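Chemist: The structure is given below, and queries will be raised subsequently.
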Amino acid sequence: MFEQIDAGGDRNFSYLIADENIRAAAVVDPGYDTSKLEARVRALGLRVDYVLNTHTHHDHVAGNTVFHKGGAKLAAYRGARVKPDIDLDHGSVLQVGQQRIEVLFTPGHYLDSICLLVNGEHLITGDTLFVGCIGGSGFQGSSTEKQFHSLFQVILKLPDDVKVYPGHDYGPTPSSTVGHERTHNPFLRRTDFKDFVWLKAHWDEYKVEHGIP
Ligand SMILES: [Zn+2]
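Residue numbers (this note's numbering): 357 to 569.
Shown next, in the form of structure tokens:
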């Protein structure tokens, strides 16, 4: 079971990954509003084994404490400021019953950004990749070079049919696929770093010019 759940904030998304046979679950990026995520966990009678953060910007970790209790373990990138119980690295795997969650280290938007590949099928991209757009890299702890590398050398190495589930509902649709983003996302069509940087600097004008809301 894999669900995308509204988490308040700035159109934030949380995710619920569960194996209903054994009633075990992982929650990803509990945000400012955890009511819908809590309601789903309760309605399905799930036990939360893992609380996962795609990165440690406040809107993605604000609701951690709601689920990080009892036997639940907090898992985030190695050394992340949330002080995870489980330090994740590129290639780490967490198992929730039959659900296999593989970690891809994708720094750039933030220094501890990771993506989560669930059963090789659903990719939770945090703020690294949005539908039709990408996350900003102008924060302290950001790196445009690293984000470029993460997008082209990590995410775009995945098969086209992998579904993309972003950290915010900023695009024309709440989810997408690697193939669709590869072809349609203006940033992923800038395979030259200079062009990529140019688009970041001129994104507002580009949007107006191309009628992107
Ligand atoms: Zn962020």
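For glycine and all other residues, C-beta sits at the position ideal for the given N, C-alpha and C.
All of these numbers come straight from a predicted model, not from anything done at the bench.
Are the CB atoms of V534 and L473 within a distance shorter than 8 Å?
Modeler: no
Chemist: Short check: CB of T484 to CB of Q503, under 8 Å?
Modeler: yes
Chemist: For G365, tell me which candidate among H414, Y466, V404 has the shortest Cα-Cα distance.
Modeler: H414
Chemist: Is G491 near ligand 1 - that is, is its Cβ less than 7 Å away from at least one heavy atom of it?
Modeler: yes
Chemist: Is Y433 near ligand 1, in the sense that its beta carbon is under 7 Å from a heavy atom of that ligand?
Modeler: Every heavy atom of ligand 1 is 7 Å or more from the Cβ of Y433, so no.
Chemist: At the level of alpha carbons, what is the spacing between L544 and V553?
Modeler: Those two C-alpha atoms are separated by around 12 Å.
Chemist: Kindly list the residues whose CB is nearer than 6 Å to the CB of H411, restricted to its own chain and excluding five residues on each side of it in sequence; keep chain order.
Modeler: Y466, D468, S469, G482
Chemist: Please determine, among G426, R398, R437, the residue with the shortest C-alpha to C-alpha distance to V417.
Modeler: Measuring from the Cα of V417, the nearest candidate turns out to be R437.
Chemist: By the DSSP assignment, the beta strand (DSSP E) with H479 in it spans what residues?
Modeler: Inspection of the sequence shows that residue 479 is occupied by Leu rather than by His. 478–482 is the extent of the beta strand (DSSP E) around L479.
Chemist: Could you tell me whether any non-hydrogen atom of ligand 1 is closer than 7 Å to the CB of D483?
Modeler: Remark: the shortest separation between the CB of D483 and any heavy atom of ligand 1 falls under 7 Å.
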